[in-house]
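Just so you know, the sequences run in chain order A and B.
Under the working numbering, think of the first position of the first sequence as 36, with each following residue one higher.
Under the working numbering, think of the first position of the second sequence as 36, with each following residue one higher.
Glycine included, C-beta positions come from ideal geometry on N, C-alpha and C.
Structure record follows, encoded as structure tokens.
2 protein chains.
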Amino acid sequence: MGELVDTNSPYLAAKLPPMGIELQQVTQARDDIGVLIQAFKQAFERSDLVLTTGGLGPTDDDLTREAIAGLLGEILQVDSQSLDHLQDSFRQRGATMPSVNVKQAYLIPSARSIINTMGTAPGWWVEHQRKIIVAMPGPPLELQRMWEGQVQSQLSNLTSGAVILTRSFKTHGLGESALNELIAPLFQLQSAELGMYAEPQGVQVRVRVRAQNNEDANELIYPVEAELRRYLGRYIWGVDDQTIEEEVGKELKRQGLTLAVMESCTGGLLAHSITQVPGSSNYFRGGIVAYSDDMKVNFGVGSSVVREYGAVSPQVAQDMARAVKHLFGADIGVGITGVAGPEELEGNPVGTVHVGLAHNGNLRHFSYLYPPHRSSVKQRASMQALLELSNLLRQLDEGNGCD
Amino acid sequence: MGELVDTNSPYLAAKLPPMGIELQQVTQARDDIGVLIQAFKQAFERSDLVLTTGGLGPTDDDLTREAIAGLLGEILQVDSQSLDHLQDSFRQRGATMPSVNVKQAYLIPSARSIINTMGTAPGWWVEHQRKIIVAMPGPPLELQRMWEGQVQSQLSNLTSGAVILTRSFKTHGLGESALNELIAPLFQLQSAELGMYAEPQGVQVRVRVRAQNNEDANELIYPVEAELRRYLGRYIWGVDDQTIEEEVGKELKRQGLTLAVMESCTGGLLAHSITQVPGSSNYFRGGIVAYSDDMKVNFGVGSSVVREYGAVSPQVAQDMARAVKHLFGADIGVGITGVAGPEELEGNPVGTVHVGLAHNGNLRHFSYLYPPHRSSVKQRASMQALLELSNLLRQLDEGNGCD
Chain A
36 MGELVDTNSP YLAAKLPPMG IELQQVTQAR DDIGVLIQAF KQAFERSDLV LTTGGLGPTD
96 DDLTREAIAG LLGEILQVDS QSLDHLQDSF RQRGATMPSV NVKQAYLIPS ARSIINTMGT
156 APGWWVEHQR KIIVAMPGPP LELQRMWEGQ VQSQLSNLTS GAVILTRSFK THGLGESALN
216 ELIAPLFQLQ SAELGMYAEP QGVQVRVRVR AQNNEDANEL IYPVEAELRR YLGRYIWGVD
276 DQTIEEEVGK ELKRQGLTLA VMESCTGGLL AHSITQVPGS SNYFRGGIVA YSDDMKVNFG
336 VGSSVVREYG AVSPQVAQDM ARAVKHLFGA DIGVGITGVA GPEELEGNPV GTVHVGLAHN
396 GNLRHFSYLY PPHRSSVKQR ASMQALLELS NLLRQLDEGN GCD
Chain B
36 MGELVDTNSP YLAAKLPPMG IELQQVTQAR DDIGVLIQAF KQAFERSDLV LTTGGLGPTD
96 DDLTREAIAG LLGEILQVDS QSLDHLQDSF RQRGATMPSV NVKQAYLIPS ARSIINTMGT
156 APGWWVEHQR KIIVAMPGPP LELQRMWEGQ VQSQLSNLTS GAVILTRSFK THGLGESALN
216 ELIAPLFQLQ SAELGMYAEP QGVQVRVRVR AQNNEDANEL IYPVEAELRR YLGRYIWGVD
276 DQTIEEEVGK ELKRQGLTLA VMESCTGGLL AHSITQVPGS SNYFRGGIVA YSDDMKVNFG
336 VGSSVVREYG AVSPQVAQDM ARAVKHLFGA DIGVGITGVA GPEELEGNPV GTVHVGLAHN
396 GNLRHFSYLY PPHRSSVKQR ASMQALLELS NLLRQLDEGN GCD
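If you want it as structure tokens, here you go:
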């Protein structure tokens, strides 16, 4: 019914350009055999390759096989090899295959089945009139394993070898129009296509080139990257899939430093982000979520600081950083205090955020005001703390940090 | 290029059934005028109503207006009223309108413009051959305000008054096939259509009915809901958009209880989830992320417990719950310890999770083994802790809790 967010097509869309495959259209169609056949027909006429996900389950709603058979005018028949494999996989889990699952062993003459290593539904590889349809399962993990393990390499053999390479540069602290002005000359380049995408964490600049192979493509990108870095310098904090928590983790590890955090308005999100990185236990000592004034003081924040400046203040953010650094015996402490909403606090409007950093005896703080949406305040405050931390680490590396 | 996740169409898809509008298909098309006109043509032939988002910006890539004009064979002309409005909105921000933005004031004879209260790009309401196209901006906030403020009510006037109502029942602890068996009789109902959707937090059972109005629709759903609850009882933990953290928050508030958590492998995610709920500061005292054995002991976990059973053990989870309850002076304490990966810990495989609960002098613990994916282990462990907490709260309410 369309109300679930589709992450499968973005996943596949990102895989295609490096293979030289250009995405033309994405279609989501209802579980209705007529609608599905029509959608397949239009896709098959439009493109050389049609990728589908979902509709391979055992129930009456699962109609992908039926729709492909309908499109090609072929008859579904149970494939005994697939049936054996299905029955085996149920047997291994100590179960008997329900009879409805038989339809997962269907094949048509133009199709061969693709083994699903993560589930019961096999995929289909269909060739017809020099065009290809690949039907893959809907659960993201099953789809991804099937794509990476089998489909991608088979398709690579068929493409011309030309590639489209994209590199995204993640910036922070510049609006779309300011950024546009700074890098305007680069939009005139013939060798690369530039685009800008505003995301909650900042604007991404995307560079796209076409070449005969990866090496050539990289050679086209290098000079553009150099120019971008010349124009944007520190506003760029990452490339492609890199996250700021990975970036920070890499630097902490490289510099042999440890980290602890005390959070108020972000409520654990900062610690959660940091611990998303595998191996973070090497540098992350731990965190405190101190949601009340009392608790902040209990964990070492000066009661006089809270009294004098109020819980939502740069001074308290800084003192939280100092206190948690001490409490966990870490090299660096981070403190966040602010107002996530829905109600303002001690006269501070929703969206107020203060970030404190402590390293050795040195302290610094930063203040922000974000649009008043609870979960976006949490997201942006946590992201900002990581960016400030990343700046600090770069300065420490260059020998002009706060110590 | 398709690699960004589209949240606009799920947003709109969820709005349509209660208005009696049935979604047939969702299409994402490239920023190419030929591709766009073709996509519009197929949609316009297929359906009575076509909703579009995006492509209304000022740049050369923004081609929605051009495509609709191309589809209908009409000529784009600058609408002076829209132009005034555009120039005003730039002036209010102390800026002069760049000349490229003039195209945002384009209209065709079949279209009238829809004011964008959150940005510069006006929408279009197009009527042609008794069919309707509504073009709305791409940024989610602009789209949502335009939909809620203007488009939805205008469309409501045109629909027949029939409604399609959907209610989702969120379950936990039962697999899809076990669930299927339990509620099999309900699939035969004529009055409602049932569907099952496996999600990471558990399987959802969705009930869908059609009726002349909301009241009739609800009357069709009630008996199905009663049957579902009779078959599934406690396996159902929520309905529709409800989250387990909201559910838990509501119960804590109602029973006047406070909460504190100590997390190891979930790294702050549990506290983050709890604090996503507005007003959580009323019952959430705070949390500790104790990533090392030392830190667990520092915050009150018995060193002998850690030594005797190991950091990843039911006993330590339980002692973390006890310790953090005491530390924060809360009524209930939750402890989570486990192995998120990538490496096993003290002989415990990745995916091992122990949850402890403390309420008054009573302790309980639960153990799980999840598939070994770091972020999914964190998600599932955090979800599970909230579900156990919800069970405890229900038992306390019924007077057979652990005290």
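Shortest alpha-carbon distance to residue i belongs to which of the options?
i: A/R320; options: A/Y270, A/V388, A/T310; result: A/T310
i: A/P53; options: A/T201, A/I168, A/I149; result: A/T201
i: A/L111; options: A/R65, A/W159, A/Q127; result: A/W159
i: A/H307; options: B/G90, B/K413, B/L86; result: B/K413
i: B/Q59; options: A/I279, A/Q59, A/E343, A/Q63; result: A/Q63
i: A/A356; options: A/A420, A/A261, A/M297; result: A/M297
i: B/T155; options: B/H163, B/K166, B/S145, B/A140; result: B/A140
i: B/S134; options: B/D114, B/P175, B/T94; result: B/T94
i: B/L267; options: B/R289, B/I279, B/V238; result: B/V238
i: B/K285; options: B/L428, B/D119, B/G90; result: B/L428
i: A/S148; options: A/R126, A/S115, A/T372; result: A/S115
i: A/L106; options: A/V347, A/I167, A/G92; result: A/I167
i: A/L91; options: A/Y405, A/K138, A/G370; result: A/K138
Taking only three categories from DSSP, how would you classify residue i?
i: A/E234; result: strand
i: A/N317; result: helix
i: A/D438; result: Its pLDDT being 45, under 50, A/D438 is placed unreliably in this model, and the coordinates cannot settle the point.
i: A/G37; result: coil
i: A/A49; result: helix
i: A/G268; result: helix
i: A/E177; result: helix
i: A/A346; result: coil
i: B/L380; result: strand
i: A/E262; result: helix
i: B/V385; result: coil
i: A/V161; result: strand
i: A/I323; result: strand
i: B/S308; result: helix
i: A/L392; result: strand
With respect to the beta strand (DSSP E) encompassing residue i, which residues constitute its N-terminal and C-terminal limits?
i: B/L107; result: Counting along the chain, B/L107 falls outside any beta strand (DSSP E), though it belongs to the alpha helix (DSSP H) covering 99-107.
i: B/I371; result: 367-373
i: B/G364; result: Note, B/G364: premise wrong, no beta strand (DSSP E); not H, not E.
i: A/L398; result: 397-404
i: A/L190; result: Premise fails: A/L190 lies in the alpha helix (DSSP H), 187-191, not in any beta strand (DSSP E).
Under 9 Å between C-beta atoms, does residue i make it to chain A?
i: B/G303; result: yes
i: B/R320; result: yes
i: B/S308; result: yes
i: B/P45; result: yes
i: B/A102; result: no
i: B/Y270; result: no
i: B/G335; result: no
i: B/D432; result: no
i: B/Q116; result: no
Could you tell me the boundaries of the alpha helix (DSSP H) in which residue i lies?
i: A/K331; result: 328-333
i: A/V70; result: 68-81
i: A/F222; result: Taken as a continuous stretch (DSSP letters only), A/F222 belongs to no alpha helix (DSSP H), as it is neither H nor E.
i: B/S417; result: 409-432
i: B/V283; result: 279-290
i: B/L121; result: 115-127
i: B/N215; result: 211-217
i: B/L111; result: Careful: B/L111 lies outside any alpha helix (DSSP H) and carries neither H nor E.
Does residue i get closer than 9 Å to chain B when you measure Cβ to Cβ?
i: A/E298; result: yes
i: A/P172; result: no
i: A/S315; result: yes
i: A/I323; result: yes
i: A/D41; result: yes
Under 8 Å from any heavy atom of the ligand COA, does the C-beta of residue i make it?
i: B/Q414; result: For the ligand COA, the structure offers nothing, since it holds no ligand at all.
- Task: Output, in sequence order along the chain, the residues in the region 397-424 of chain B whose CB is closer than 7 Å to any CB in chain A.
- Result: R409, S410
- Task: Could you please tell me which residues of the region 217-245 of chain A, in chain order, have their CB closer than 7 Å to any CB of chain B?
- Result: none
- Query: Relative to chain B, which residues along the region 190-213 of chain A have a C-beta separation below 8 Å, given in chain order?
  - Reply: T201
- Item | Interfacial residues, the region 58-90 of chain B to chain A, with Cβ spacing under 7 Å | L58, Q59, Q60, V61, T62, Q63, A64, R65, V70, A74, Q77
- Message: Tell me which residues of the region 344-374 of chain B have at least one Cβ-Cβ distance to chain A shorter than 9 Å, keeping chain order.
- Response: L362, F363, G364
- What residues from the region 155-172 of chain A come within 7 Å of chain B, judged by C-beta to C-beta, listed N to C? none
- Query: For the region 132-156 of chain B, which residues have a CB atom closer than 8 Å to at least one CB atom of chain A, in sequence order?
  - Reply: none
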